[in-house]
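Visitor: For the sequence shown, this note's numbering assigns the number 162 to the initial residue and increments by one for each residue that follows.
Quick reminder that beta carbons are idealized off the backbone N, C-alpha and C, glycines included.
Note that the structure is a prediction, hence the values are computed from the model and not measured.
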Amino acid sequence: MYATSCRSFLLPGDQVCLQSNTTPLGESPLAELAELVPAIACSFVTTSYIAQAESAREDISGNVDSSIQMILHIMRLDFLKDISPGLALGSCLVLGCCLSSYAHRRRDHDQYQAVVFVIWITWAICIGWGIGVSANRVTLGIVPWASCAAMLSSFFGHAGARWVSTRNKCERGSDSTVVNEKDAS
């Protein structure tokens, strides 16, 4: 299932650092983000549903337009109209499954992913509170997008940290084999 590949990094002084790396056979690194596609689709559905439900409620109450209302109308997705509550509920369930699957699958690779998710969700709540939207709009309109952003930033942040860590270890020669190119040839 896994193939071992050997990557080499050029170091100063004509040295090559050999490092073995295990990755699933034939799998792209972006395949690790498989849950992101349905999560984004579910985020579109939930955001459209809450925008539709909140705008219907605002039309009844006769609210005047303000700068906040302009921002919320930008979030509205007109190509997803007349979303039923059942579809929105199903979308929330699928989004939850995607997030759970991602967190479970990446738990051994991304040690700080819980912190990343908490930061993004807290940011979404603060933004919603700051612009004065309802808790429904925060929960169904902003938090799903923050969850998708958390998946992306956790993946790329941890991948970048692993790359920097591996590069530093390779440069120091502590955990990897350093070979002089003149001796290797």
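(1) Taking Leu-194 as part of the alpha helix (DSSP H), name the residues at either end of that continuous run.
(2) On the criterion of 16 or more Cβ atoms from any shown chain inside 10 Å, does Ala-296 qualify as buried, or is it exposed?
(3) Excluding sequence positions up to five away, which residues of its chain have a Cβ less than 6 Å from the Cβ of Asp-271?
(4) State the start and end residues of the unbroken alpha helix (DSSP H) segment that holds Arg-328.
(5) Would you grab the beta carbon distance between Ala-192 and Cys-309 for me? Rounded to a whole angstrom, and I think it's under 8 Å.
(6) How far does the alpha helix (DSSP H) with Arg-266 in it extend, from its first residue to its last?
(7) Which class does Tyr-273 belong to by DSSP, given the choice of helix, strand or coil?
(8) Classify Ser-209 as buried or exposed, calling it buried when 16 or more other Cβ atoms lie within 10 Å of its own Cβ.
(9) Can you say whether Leu-254 is buried or exposed, counting buried as having 16 or more other CB atoms within 10 angstroms of its CB?
(10) Which of helix, strand or coil does DSSP assign to Ser-169?
(11) How is Val-294 classed by DSSP in three states: helix, strand or coil?
(12) CB-CB under 8 Å to Gly-223, same chain, minus the five flanking residues each way: which ones, in chain order?
(13) Please work out which residues of its chain come closer than 7 Å, Cβ to Cβ, to Ile-288, disregarding the five sequence neighbours upstream and downstream, and give them in chain order.
(14) If we call anything under 7 Å between Cβ atoms a contact, is Ala-249 one with Trp-281?
Guide: According to the structure shown:
(1) What you label residue 194 is simply residue 33 of the sequence shown in a count that begins at 1. Annotation for Leu-194: no alpha helix (DSSP H) segment contains it, and DSSP assigns it neither H nor E.
(2) Here residue 296 refers to the residue found at position 135 when the sequence shown is read from its first residue. Classification for Ala-296: exposed.
(3) Numbered from its first residue, the sequence shown carries residue 271 at position 110. Counting only residues of its own chain and dropping the five nearest sequence neighbours on each side, Asp-271 has a CB closer than 6 Å to the CB of Ser-315 and His-319.
(4) Against the sequence shown, residue 328 aligns to sequence position 167. Its alpha helix (DSSP H) spans residues 304-333.
(5) In the sequence shown, the residue the question calls residue 192 occupies position 31. In the sequence shown, the residue the question calls residue 309 occupies position 148. Contact doesn't hold; Cβ gap of about 17 Å is too wide.
(6) For the purposes of this step, residue 266 is identified with residue 105 of the sequence shown, where counting begins at 1. Counting along the chain, the alpha helix (DSSP H) containing Arg-266 begins and ends at 246-267.
(7) Locating residue 273 in the sequence shown gives position 112, where the first residue counts as 1. Residue state, collapsed to three classes: coil.
(8) The residue given as residue 209 occupies position 48 in the sequence shown. With 16 or more other Cβ atoms within 10 Å, it is buried.
(9) Here residue 254 corresponds to residue number 93 of the sequence shown, with the count starting at 1. When all chains shown are included, Leu-254 counts as exposed.
(10) As a working note, residue 169 is residue 8 in the sequence shown. Residue confidence for Ser-169 is low, a pLDDT of 45 falling below 50, so the modelled location carries little weight; the figure read from the coordinates is stated next. In the structure shown, Ser-169 sits in a strand (DSSP, three-state: E or B).
(11) Numbered from 1 along the sequence shown, position 133 holds the residue referred to as residue 294. Under the three-state reduction of DSSP, Val-294 is assigned to coil, being neither helix nor strand.
(12) In the sequence shown, counting from the first residue as 1, residue 223 sits at position 62. In this predicted model, Gly-223 has a pLDDT of only 49, less than 50, meaning its place in the structure is not dependable; the value taken from the coordinates is given anyway. Correct list: empty, nothing qualifies.
(13) Position 127 of the sequence shown, counting from 1, holds the residue named residue 288. Take Ile-288, set aside five residues on each side of it, and the residues of its chain with a beta-carbon closer than 7 Å to its own are Ile-303, in chain order.
(14) Within the sequence shown, the letter at position 88 stands for residue 249. Within the sequence shown, the letter at position 120 stands for residue 281. No; because the gap between Cβ atoms is not below 7 Å, this pair is not in contact.
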